[in-house]
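Counting in the numbering used here, the sequence shown runs from 1 upward without gaps.
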Amino acid sequence: MSLSQNNTPDVLPALPVLVGMTTAELTAWVESVGEKPFRGKQIAQWMYQKHVTDAADMSDLSKAFRLMLTEKTHVSPGKIKETVKSADGTTKFLIELLDGEIVECVTIVQKNHLTACVSSQVGCNVGCPFCATGLSGFRRNLSAGEIVIQYLLMQHAVSQGLLSDFTPHTRISNLVFMGMGEPLLNYEPVLKSIALLNKEVELGLRHITISTSGIIPGIQRLMDEKADYNLAISLHSVNTEVRNRLVPINRKYGVTDLLQAAKLYANRTKRRITFEYTMLKGTNTSDADANALIKALRGIHCHINLIAYNPVNSPFQAPPRKEITHFQYLLTEAGFPVTIRNNHGSADMSACGQLRVHQREKELKTLA
Ligand code: SAH
Ligand code: SF4
């Protein structure tokens, strides 16, 4: 950092951001600003247990300390910019980060639980041509705090009764990294966010799932961690030519090696892998595709999740429903557990990253 003539730094140091720090880190920080160490734990409890991210509401802290937190820190690295609820209760949140970037996250109402879907990056550079996030390019990685805040803001909204018309459940019990971005290309912050969610928020590790487009070194690294993480792999095809087109990273990390890594992962962790398979009309939904999939997945402890393509600004189309159920039938007959993921969200804003694209379009129109 350079100093200007009056000896003040010409780049002001950024304010500390509290969501994203562990209790130990918060304790060290409060001590560094002259407060008693136990204040760190109090702040952690407000943020991670009570989902309160406005310092003014942290009622057991002194007024002076609350004011200091408000003026000299960012407790929260993001705030809700927009909420869109659809007919089945699925709710999308646009979160604005401190630098003005926007990420999307979603709460999904299921029979017995509530699931949160979070983003790991602003945009994504894997570039799958049927994905709104992929089509909009890559902006930057998220920090651990920027991931955790998505959960905290959604949980706070749910606690306030946001979904009371749809479910008696008021606690988000499951979390999936299936929003914007490729989590295994932002490895450390994603793992730190999971540690925070697990240890500070107290969300069970078994209720957290990382979804990857198939970053083999990331899968191998994950396998060597002490904890066993739930893994979902976005497969979409086992045919190299087709997968090269659908998931361009396949040119680097080919499907044969990917399935080998998946098998090792399942054996090593004893966790069942989920294979996600987005159904694209005329591309990957034939009987031959089902048979190739059956052959390739034989012997891997797995579950297959078929996803109907959600229309985005791309040339792909969703197959008719009966084509999906027939594909499911073939896989089930071959002995695989198969589920079909419902199309959550309103028809034109249902796919991952799409709401953010709409928001940016709106902003560009306002500027024009
Ligand atoms: N980058 C990670 C996680 C985010 S995407 C990954 O690719 O796994 C989560 C899932 O949604 C992936 O399986 C992805 O292929 C799928 N998806 C993306 N766009 C979609 C669309 N328009 N319709 C249906 N599924 C889509
Ligand atoms: Fe990235 Fe996943 Fe979208 Fe592919 S599907 S572009 S990996 S977010």
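Ideal Cβ placement from N, Cα and C applies to all residues, glycine included.
Quick caveat: nothing in here was measured; it's all calculated off a predicted structure.
Closer than 7 Å by C-beta to residue i: which residues in its own chain qualify, once you throw out the five before and the five after it? Chain order, please.
i, result
"residue 235", "275, 276, 277"
"residue 227", "205"
"residue 290", "327, 330, 331"
"residue 186", "120, 121, 141, 142"
"residue 314", "129, 130, 135"
"residue 370", "The requested residue 370 is not part of the displayed model; the chain covers only 1 to 368."
Between residue i and residue j, which are expected to be in contact by the criterion C-beta below 8 Å, what is the C-beta distance as a whole number of angstroms?
i, j, result
"residue 210", "residue 196", "The Cβ separation is near 15 Å, so there is no contact."
"residue 29", "residue 40", "7 Å"
"residue 48", "residue 201", "5 Å"
"residue 78", "residue 146", "6 Å"
"residue 155", "residue 303", "About 27 Å separates the two Cβ atoms, so there is no contact after all."
"residue 174", "residue 91", "Rounded, the Cβ-Cβ distance is 15 Å, inconsistent with contact."
Should residue i be counted as a contact of the ligand SF4 given a C-beta to heavy atom distance under 7 Å?
i, result
"residue 47", "no"
"residue 21", "no"
"residue 131", "yes"
"residue 181", "yes"
"residue 126", "yes"
"residue 213", "yes"
"residue 234", "yes"
"residue 134", "yes"
"residue 247", "yes"
I'd like to check one pair, residue j with residue i: are the Cβ atoms closer than 8 Å?
i, j, result
"residue 76", "residue 172", "no"
"residue 218", "residue 240", "no"
"residue 26", "residue 44", "yes"
"residue 126", "residue 134", "yes"
"residue 238", "residue 296", "yes"
"residue 95", "residue 106", "no"
"residue 242", "residue 310", "no"
"residue 37", "residue 73", "no"
"residue 159", "residue 167", "no"
"residue 178", "residue 117", "yes"
"residue 153", "residue 208", "no"
"residue 246", "residue 128", "yes"
"residue 270", "residue 299", "no"
"residue 109", "residue 163", "yes"
"residue 294", "residue 334", "yes"
"residue 251", "residue 307", "no"
What does a CB cutoff of less than 6 Å around residue i pick up in its chain, not counting 5 residues either side in sequence?
i, result
"residue 301", "266, 272"
"residue 184", "212, 215, 218"
"residue 323", "285"
"residue 191", "none"
"residue 14", "none"
"residue 316", "130, 280, 309"
"residue 198", "205"
"residue 248", "127"
"residue 319", "279, 281, 285"
"residue 22", "none"
"residue 82", "94"
"residue 345", "With a pLDDT of only 46 at residue 345, under 50, the local geometry of the prediction cannot be trusted, and no value is derived from it."
"residue 305", "274, 276, 339, 341"
"residue 182", "124, 126, 213"
"residue 292", "238"
What are the partner residues of residue i, as DSSP defines its beta bridges?
i, result
"residue 234", "276"
"residue 174", "115"
"residue 302", "273"
"residue 21", "19"
"residue 268", "Residue 268 is not bridged to any residue."
"residue 107", "91, 116"
"residue 27", "Partner(s): none; residue 27 has no beta bridge."
"residue 339", "305"
"residue 140", "122"
"residue 82", "94"
"residue 159", "Paired residues: none, contrary to the question."
"residue 74", "17"
"residue 213", "Partner(s): none; residue 213 has no beta bridge."
"residue 208", "175"
"residue 102", "96"
Compute every distance between the C-beta of residue i and the non-hydrogen atoms of the ligand SAH, then say whether any falls below 7 Å.
i, result
"residue 90", "no"
"residue 276", "yes"
"residue 265", "no"
"residue 307", "yes"
"residue 178", "yes"
"residue 310", "yes"
Tell me which same chain residues have a C-beta within less than 8 Å of the C-beta of residue i, skipping the five on either side of it?
i, result
"residue 56", "66, 70"
"residue 42", "58, 60, 61"
"residue 225", "191"
"residue 180", "103, 104, 119, 120, 121, 122, 123, 124, 133, 352, 353, 356"
"residue 63", "none"
So does residue i have its beta carbon nearer than 7 Å to some heavy atom of the ligand PLP?
i, result
"residue 264", "With respect to small molecules bound, the structure shown includes the ligand SAH and the ligand SF4 and not the ligand PLP."
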